[in-house]
Amino acid sequence: AHNNDDNTETVLLNIVSGSGIRGLSGIPVKRENIIRPFICLSKMEMETYLINNNIKFVVDSSNKNLDINRNFLRKEIIPSLKKNLNPSLDKVILNSSFVLRDQIKLLDFFLNDIINRIVEISENKILISVEELKKYPKEILGELFLKIFQEKLTLDFSYDTFSKLEKLLKSQTGISIELGKSLIGIKERNSIILAPKENEETFEKEVFINDEIFIGNSIISIKSVKKIPDYSKNKNIEYISGDLINDRMLIRNWNKGDKIKLLGMKGTKRVSDVLTDLKVPVIERKKQLVLLNDKEIVWIIGKKISENYKITSNTKKKLKLCLS
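Numbered per my numbering, the sequence shown finishes at 674, counting up by one with no gaps.
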């Protein structure tokens, strides 16, 4: 279990690795469903309690290896800091971590408000208002783009990327730059656009019942079955009615304007909105495939099936759709 000593080591490691304020805030007491109740206790306090109560515990043998950065800090650096500078180093760093964490919460509240006002997610791209961006200093822009990359794009963000975005913001309309292997930034009159690179080839291929096709490292198959399970959480496997299905179907990339009638819906919904609701990263959306019967979407592959093809008590022909 994480303790006060672990927090001290984490903060110092983050300092020497060039971390920002989020790294200096140390190990959080709570993150989602993980709670660390012993973060305020020292390792010595925990071991003393275990020994006094005859509770066995295990010490990782690798802790003695000084070639590991954390072990070197624990054995060589931290004892020296406590001896020569501050014997209460762990407590001081923990208190500073708590203060920084509160300040980060305040910063996130401020950044979320900005993002809600100036960022628009449209189809497979993100648009950020140029006029609004120019209102904020460099320090705010750095934190703003960091949050957009981590939470909206699920991509890493570096100082080099930020420098490119700064130049893009000051550049002429129509200029584009590469922001890593899969992303480009485009300067338009009113917006900075973050979008996936357009070098992926579009996919379109016919598929037949009781057939399978290979797409990259994946296999998509359509098989006739007699029985189906009562319930399955695996979205890569779906069961549909084949009564209305032609022998020949089509798999392709989804297109702008594509719609599907989801289970339980009376009307249709745009595929782009479905992917947004499912929080599919913007960069991944362009790769999303759909299965069509004639011109109607039957399956957003790996995500959702159509109400029009659900199995009922009157279904005569059952099909198993599988992405593996």
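C-beta atoms are modelled at their ideal positions from N, C-alpha and C, and glycine is treated no differently. Quantities reported herein were computed from a predicted structural model and do not represent experimental measurements.
Counting along the chain, residue 366 sits inside the alpha helix (DSSP H) bounded by residues 354 to 366. By the criterion of a C-beta distance shorter than 8 Å, residue 481 is surrounded in its chain by 540, once the five residues flanking it on both sides are discounted. Residue 597: not part of any alpha helix (DSSP H); DSSP gives it neither H nor E. Annotated three-state conformation of residue 469 is strand, per DSSP. Under the three-state reduction of DSSP output, residue 386 falls in the coil class, being neither helix nor strand. Rounded to the nearest angstrom, the gap between the Cα atoms of residue 553 and residue 371 is 44 Å.
Taking 8 Å as the cut-off, the beta carbon of residue 542 is found no closer than this to the beta carbon of residue 503. With a 10 Å radius around the Cβ and a threshold of 16 neighbouring Cβ atoms, residue 400 comes out exposed.
In the three-state scheme derived from DSSP, where H, G and I count as helix and E and B as strand, residue 624 is classed as helix. For residue 564, the secondary structure class from DSSP, reduced to helix, strand or coil, is strand.
The beta-carbon distance between residue 574 and residue 592, rounded to whole angstroms, is 7 Å. This is short enough to meet the 8 Å contact definition. Going by C-alpha positions, residue 404 is about 36 Å away from residue 364. For the pair residue 447 and residue 369, the CB atoms are not nearer than the 8 Å cut-off. For residue 456, the number of other beta carbons within 10 angstroms of its own is below 16, and it is reported as exposed. Using a C-beta cut-off of 8 Å, the stretch 614 to 627 makes contact with the stretch 635 to 650, since at least three inter-stretch Cβ pairs fall below that distance.
Under the three-state reduction of DSSP output, residue 538 falls in the coil class, being neither helix nor strand. Excluding residues up to 5 positions away in sequence, 353, 388 lie with their Cβ nearer than 7 Å to the Cβ of residue 396 in the same chain. Under the Cβ criterion (8 Å, minimum of three pairs), the stretch 611 to 623 counts as touching the stretch 653 to 671. Secondary structure of residue 573 (DSSP, three-state): strand. Straight through space, the alpha carbons of residue 373 and residue 483 are spaced by roughly 25 Å.
Residue 405 is not bridged by DSSP to any residue.
At least 8 Å separates the beta-carbon of residue 578 from that of residue 650. With contact defined as three or more Cβ pairs closer than 8 Å, the stretch 426 to 444 and the stretch 507 to 514 are not in contact.
Taking the Cα of residue 545 as reference, the smallest distance to any Cα among 557, 528, 381 is reached at 528.
Three or more beta-carbon pairs separated by less than 8 Å are not found between the stretch 377 to 384 and the stretch 417 to 434, which leaves the two stretches without contact.
Listed in chain order, the alpha helix (DSSP H) runs fully inside the stretch 494 to 549 are 509 to 520, counting runs of at least 4 residues. In this structure, DSSP gives residue 457 a helical state, which the three-state scheme calls helix.
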